[in-house]
Amino acid sequence: MAADTPKPLVLTNARVIDPARGIDAPGAVIIADGTILAAGPEALNQGTPYGAEVRDCDGAVVAPGLIDMCVSVGEPGHEHRETFASASQAAAAGGVTTIVTMPETDPVIDDPALVDFILRRARDTAIVNVRPMAALTKGLAGQDMTEIGLLKEAGAVAFTNGHKSVRNAQIMRRILTYAKDFGALVVHHTEDPDLAGGSMNAGLNASWKGLSGVPREAEIIMLERDLRLVAMSKGRYHANLVSTSDGAGVVRIGKDRGLDVTAGVSINHLTQNENDIGPYRTFFKMSPPLRDENDRMAMVAAVADGTIDVICSNHDPQDVETKRHPWAEAEDGAIGLETLLAAALRLYHAGDIELLPLLRAMTLNPANRLGLEAGRLTAGAPADVIVFDVDRPWVLEKKAIRSRSKNSPFEDARFSGRVLTTIVAGRKVYDYA
Amino acid sequence: MSANDPHRAGLFPHRHLLGIEGLQPHEILGLLDRADQAVEVSRQVEKIRPVLRGRTQINLFFEASTRTQSSFEIAGKRLGADVMNMQVAASSVKKGETLIDTAATLNAMHPDILVVRHHAAGCAVHLLARKVDCSVINAGDGQHEHPTQALLDALTIRRHKGKIARLTIAICGDILHSRVARSNIILLNALGARVRVVAPSTLLPSGIDRMGVEVFRDMKEGLKGADIVMMLRLQRERMNGAFIPSVREYYRFYGLDAEKLAYAKDDALVMHPGPMNRGVEIDPAVADGPQSLIREQVEMGVAVRMAVLEALAAHLPNH
Numbered sequence: 006m007a008a009d010t011p012k013p014l015v016l017t018n019a020r021v022i023d024p025a026r027g028i029d030a031p032g033a034v035i036i037a038d039g040t041i042l043a044a045g046p047e048a049l050n051q052g053t054p055y056g057a058e059v060r061d062c063d064g065a066v067v068a069p070g071l072i073d074m075c076v077s078v079g080e081p082g083h084e085h086r087e088t089f090a091s092a093s094q095a096a097a098a099g100g101v102t103t104i105v106t107m108p109e110t111d112p113v114i115d116d117p118a119l120v121d122f123i124l125r126r127a128r129d130t131a132i133v134n135v136r137p138m139a140a141l142t143k144g145l146a147g148q149d150m151t152e153i154g155l156l157k158e159a160g161a162v163a164f165t166n167g168h169k170s171v172r173n174a175q176i177m178r179r180i181l182t183y184a185k186d187f188g189a190l191v192v193h194h195t196e197d198p199d200l201a202g203g204s205m206n207a208g209l210n211a212s213w214k215g216l217s218g219v220p221r222e223a224e225i226i227m228l229e230r231d232l233r234l235v236a237m238s239k240g241r242y243h244a245n246l247v248s249t250s251d252g253a254g255v256v257r258i259g260k261d262r263g264l265d266v267t268a269g270v271s272i273n274h275l276t277q278n279e280n281d282i283g284p285y286r287t288f289f290k291m292s293p294p295l296r297d298e299n300d301r302m303a304m305v306a307a308v309a310d311g312t313i314d315v316i317c318s319n320h321d322p323q324d325v326e327t328k329r330h331p332w333a334e335a336e337d338g339a340i341g342l343e344t345l346l347a348a349a350l351r352l353y354h355a356g357d358i359e360l361l362p363l364l365r366a367m368t369l370n371p372a373n374r375l376g377l378e379a380g381r382l383t384a385g386a387p388a389d390v391i392v393f394d395v396d397r398p399w400v401l402e403k404k405a406i407r408s409r410s411k412n413s414p415f416e417d418a419r420f421s422g423r424v425l426t427t428i429v430a431g432r433k434v435y436d437y438a
Numbered sequence: 008m009s010a011n012d013p014h015r016a017g018l019f020p021h022r023h024l025l026g027i028e029g030l031q032p033h034e035i036l037g038l039l040d041r042a043d044q045a046v047e048v049s050r051q052v053e054k055i056r057p058v059l060r061g062r063t064q065i066n067l068f069f070e071a072s073t074r075t076q077s078s079f080e081i082a083g084k085r086l087g088a089d090v091m092n093m094q095v096a097a098s099s100v101k102k103g104e105t106l107i108d109t110a111a112t113l114n115a116m117h118p119d120i121l122v123v124r125h126h127a128a129g130c131a132v133h134l135l136a137r138k139v140d141c142s143v144i145n146a147g148d149g150q151h152e153h154p155t156q157a158l159l160d161a162l163t164i165r166r167h168k169g170k171i172a173r174l175t176i177a178i179c180g181d182i183l184h185s186r187v188a189r190s191n192i193i194l195l196n197a198l199g200a201r202v203r204v205v206a207p208s209t210l211l212p213s214g215i216d217r218m219g220v221e222v223f224r225d226m227k228e229g230l231k232g233a234d235i236v237m238m239l240r241l242q243r244e245r246m247n248g249a250f251i252p253s254v255r256e257y258y259r260f261y262g263l264d265a266e267k268l269a270y271a272k273d274d275a276l277v278m279h280p281g282p283m284n285r286g287v288e289i290d291p292a293v294a295d296g297p298q299s300l301i302r303e304q305v306e307m308g309v310a311v312r313m314a315v316l317e318a319l320a321a322h323l324p325n326h
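Pasting the structure below:
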């Protein structure tokens, strides 16, 4: 065990950002035994542990590693799209130290033994932390609730029906009520399945393209229904992927009423809009669909004002067999682990949101919502830490993508901001050469 | 550019015809001029003008079509091309081969022109054209565009009215699901016509009021003073309760009969892209009556497709 323990590490001359304590200041971070000993200005004069490696960060940011709350991995069942090994390599390169996995695999993660399988596979093959979400209903069919208590004991951090909403309000009501007894978090996709029959945002753009649209109301109606049910059941609820200004408005009302409600948004919906689809490019096909620029701006504002708590990548690897089809027949989904931080920094560089709240939405907020100790630099927290240069320019080249699938909507995109080092449990898992 | 510019014919700078969108008015008029000549050729005993001799044209139809496919086939043959028809059943595509694989397979056979119809929007347009070396003609992609239909409609109108500009043209029926309507709205607007659409709200696309048309839900109002009444086919699966309650209610309010046609100008002309549902969107007496151009549209279809093939042939490599 001792031979396996990494050397202590001191990151000096850093801009330390810790959303848990609201710190954004010059300082240092001291890491030993896989945990944080001290971080921030007060770590500057603490000396260095015996045998420690000292790294001069040259003013780069040191922050908690990102927690990505919505990640699809192909394992089990679609290993040709992504494995825990490949997903975690992509995550490490993107500054993500914890991936929270979706249960939409084959088989669906609706049994405690499968949660155990994921944790073992991740332990053996992944270089970042993997925390599984379990299915909310058996087979994700939206009918029968899963063994929420046993799944939680097995290690499921939350329960979700994947990228499908539970259509039946009575079933949803019972699940929220039952899950509450176990303190289980229900993470829900909010798209009315009957209204959401189309393949892109409804409106003029879809009409000219000859595509049937998904109206914004598909989200708003499902979200309004859900929050009524949360009010009835007093359950714990997280709207996973909100995409519209009115959707954010519904979340705001729920919070003001004191409901135990949080919400997330994918980085795609903060940095892209329906015009990016261009000539039917299927890498931009996702659920919910990319909306118009007004909604994109409203979602950025909702993150900035705290209405939306979490930014996730909604990483969803798809291969040529599922993407190289006519738009309406192609699968939804885009990869995003490797570009999550870089894309998010666009919002910072655009002056839309400060670095501290931006990082909070990808570290502390998901950690708190899921009950994880990571996502902070407080003493005693797991040493999941990233070093990044906020300005370093780079271009995402397809051949450099670490995910096994290449369906990135950021192919050839230019970014400012590059992860330099990623540390998981005190161990370096990524270094930018 | 003036409509009478003698130099405009021959100037067609595109390698593909993927839609009306993106075409300049003088390019459209150039195609119509070529098509006028093709009408003359087609009415002669000797109909072959071998500008495509030695070329291979593949008609790749993922969706069944009798009239469009045969129209493209005859057009290609009249220009001397070797024409091959490929009917790809949707089921065999679903068996696993992606469209890209199909395109790559065909591309390896070195066709010069690919005529594609597909049930999905954007397919021919932006997927195939990027993956093959030859010229691609969109023969209808989902609910997106059907450019040769719009061109043949324009040719038919121009031959009867002498112009397109300032005519009032009412497109009636299932606008929502119609690629013909989209291509026609773009083309007719580009040439300066006043375009109206007439349909129940359930058959109008979202944002229709920003698509450059006047919108009418009342057919008699919509036909008032119209020069051209363009009817669209209503698909059977949309008739009973999904978008409209019943055929007889639709026919009562949106079917073109003599009474409603009387609201249009006295010399108004009636068009339909076919195939017609007599008694659903159009009265047989009107469909086959003196104001109908429906049969002539079929003849113009061959001429327009010859014009398009010829225009694209100018870009084919000669070595």
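Chains as they are written, first to last, in the numbering used here: chain D, 6 to 438; chain R, 8 to 326. Don't be surprised by glycine CBs; every beta carbon is placed ideally from N, CA and C.
Below 8 Å CB to CB, which residues in the same chain sit around R/L198 once its five sequence neighbours on both sides are set aside? P32, I35, L36, A161, I171, A172
Ignoring anything shorter than 4 residues, give me the alpha helix (DSSP H) runs that lie fully in the stretch 283 to 324 of chain D, in order along the chain. 298 to 309
Kindly say whether R/R224, judged by its beta-carbon, lies nearer than 8 Å to any beta-carbon of chain D. No, because no Cβ of chain D sits closer than 8 Å to the Cβ of R/R224.
According to the neighbour-count rule (16 or more other Cβ atoms, all chains shown, within 10 Å of its Cβ), is R/V236 buried or exposed? buried
To the nearest angstrom, how far is it from the Cα of D/L345 to the Cα of D/V59? 28 Å
Which of helix, strand or coil does DSSP assign to D/T327? Note: D/T327 maps to helix in three-state DSSP.
If we call anything under 8 Å between Cβ atoms a contact, is R/L121 one with R/A157? no
Go through its chain and collect everything with a Cβ distance to D/T53's Cβ below 8 Å, but skip five positions before and after it. For D/T53, where only same-chain residues beyond five positions count, the Cβ hits under 8 Å are P13, V15, I35, V59.
Within the chosen definition, does the stretch 386 to 396 of chain D reach the stretch 70 to 80 of chain D through at least 3 CB pairs nearer than 8 Å? A contact exists between the stretch 386 to 396 of chain D and the stretch 70 to 80 of chain D.
Could you tell me whether the stretch 208 to 218 of chain D touches the stretch 256 to 272 of chain D, where touching means 3 or more Cβ pairs closer than 8 Å? The answer is no - the stretch 256 to 272 of chain D does not touch the stretch 208 to 218 of chain D, with fewer than three Cβ pairs under 8 Å.
On the three-state DSSP scale, how would you describe R/A314? R/A314: helix per DSSP, three-state reduction.
Beta-ladder partner(s) of R/L121, from DSSP: R/I65, R/V143.
Terminal residues of the alpha helix (DSSP H) in which D/W213 lies: 209 to 214
Check whether R/N92 and R/N66 have beta carbons under 8 Å apart: yes
Secondary structure at D/N370, three-state DSSP: helix, strand or coil? helix
Considering Cα atoms alone, identify which of R/I164, R/N191, R/R22, R/E317 is closest to R/G147. R/N191
Under the three-state DSSP convention, the category R/R15 falls into: The pLDDT assigned to R/R15 is 45, lower than 50, so where the model puts this residue is not dependable; a value taken from the coordinates is nonetheless given after this. Coil.
Exposed unless 16 or more other CB atoms sit within 10 angstroms - verdict on D/I358: buried
Chain D contact residues for R/P32, given Cβ-Cβ distances below 8 Å: Going along chain D, no residue has its Cβ under 8 Å from R/P32, so there is no contact; the nearest lies around 19 Å.
R/V309 to R/L211, Cα distance in whole Å? 30 Å
Taking the alpha-carbon of R/A206 as reference, which of R/A200, R/G214, R/D225 has the nearest alpha-carbon? Selected option, being the one with the closest Cα: R/D225.
Taking C-beta to C-beta, are D/I180 and D/M150 nearer than 8 Å? yes
Quick check on R/V309 - is its C-beta less than 8 Å from some C-beta in chain D? no
Kindly say whether R/S213, judged by its beta-carbon, lies nearer than 8 Å to any beta-carbon of chain D. yes
State the Cα-Cα distance for the pair D/R365 and R/T75, rounded to the nearest angstrom. 58 Å
Can you check DSSP and say which residues form a bridge with R/C179? R/V205, R/M238
What does DSSP give as the partner residue(s) for R/G286 in the beta ladder? Beta-bridge pairing links R/G286 to no other residue.
Please work out which residues of its chain come closer than 6 Å, Cβ to Cβ, to R/S78, disregarding the five sequence neighbours upstream and downstream, and give them in chain order. G308, V309, R312
Which of the three DSSP states, helix, strand or coil, is assigned to D/H193? strand
Apply the 10 Å Cβ neighbour rule to R/R165 and answer buried if 16 or more other Cβ atoms are within range, or exposed otherwise. buried
Anticipated Cβ contact below 8 Å, D/T381 with D/L369, distance rounded: The sequence given here places Arg at residue 381 of chain D; Thr does not occur at that position. Their Cβ separation, rounded to whole angstroms, is 6 Å, which keeps D/R381 and D/L369 in contact under 8 Å.
Just mark D/D310 as buried or exposed, buried being the case when its beta carbon has 16 or more other beta carbons within 10 Å. exposed
DSSP-derived helix/strand/coil call for R/Y270: coil
Could you tell me whether the Cβ of R/A320 comes closer than 8 Å to any Cβ of chain D? No, its Cβ sits nowhere closer than 8 Å to a Cβ of chain D.
Output the residue ranges of the alpha helix (DSSP H) runs that lie fully inside the stretch 375 to 411 of chain D and measure 4 residues or longer, sorted by chain position. none
What whole-angstrom Cβ distance do D/W440 and D/R423 have, given they're in contact under 8 Å? The requested residue 440 of chain D is not part of the displayed model; chain D covers only 6 to 438.
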